[in-house]
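Engineer: Here's a structure for you.
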Amino acid sequence: MNFTFSETYQSYVSEGPIQFRIPKHLFNEQFIEQAEVIAQLYEQKLNELATFCLADAHFSRCYPGQTVQSIIEQLGNPIISIDEAGGVLTYTQHILDMDHIIDIEFIGALESFFSVFIDG
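Going by the numbering used here, the first residue of the sequence shown is number 10, and it counts up by one from there.
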């Protein structure tokens with residue numbers, strides 16, 4: 010995985026369908042390896058992620074009638090920001106609606122999900 014520094018984000022950013030961002034102060038081999046593990050696990054974790062979204066009351070109110078499969082199909086690729094605890098999956102190009110950004114916080118290398126924010 011290749012990273013280049015972005016002045017805009019003050020982070021190192023990867024290229025590809027799933028973009029990773031690692032803040033400048035955290036950019037080291039440990040966090041690069043964490044990004045690589047997350048990249049490998051992401052597809053396997055989609056059912057768990059969609060199930061977590063369905064269980065969130067705010068998500069279910071904003072997007073009624075969704076199923077695990079429909080969420081997976083509509084999320085698109087995330088921007089994954091890595092931090093000390095895990096990170097945030099940010100969906101800016103999902104097709105659940107045209108107005109909101111969806112952020113889902115996670116621990117470790119997608120070990121668990123703990124919050125959903127819908128912004129917009």
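Just so it is clear, CB atoms sit at the ideal spot from N, CA and C, and this is done for glycine as well.
Considering only their Cβ atoms, is the gap separating Ile27 from Ile89 smaller than 8 Å?
Structural biologist: Going by C-beta atoms, Ile89 is nearer than 8 Å to Ile27.
Engineer: Quick test of the definition: if touching needs 3 or more C-beta pairs under 8 Å, does the stretch 60-73 touch the stretch 37-52?
Structural biologist: As far as the Cβ criterion goes, the stretch 60-73 does not touch the stretch 37-52, which means the pair count is below three.
Engineer: Is the stretch 110-126 touching the stretch 50-57 in the sense that three or more CB pairs, one from each, lie closer than 8 Å?
Structural biologist: Counting Cβ pairs under 8 Å, three or more are found: they touch.
Engineer: For Val97 versus Ile113, is the C-beta spacing smaller than 8 Å?
Structural biologist: In contact: Val97 and Ile113 (Cβ atoms closer than 8 Å).
Engineer: When the Cα atoms are used, what is the spatial distance from Gln78 to Gln49?
Structural biologist: The straight-line gap from Cα to Cα measures roughly 20 Å.
Engineer: Please tell me whether Gly85 and Ile104 are closer than 8 Å, where the distance is taken between their beta carbons.
Structural biologist: Cβ distance < 8 Å, so Gly85 and Ile104 count as in contact.
Engineer: Counting C-beta neighbours from all protein chains within 10 Å, is the total for Ser23 16 or more, i.e. buried, or is it exposed?
Structural biologist: Looking at its Cβ environment, which holds 16 or more other Cβ atoms inside 10 Å, Ser23 is buried.
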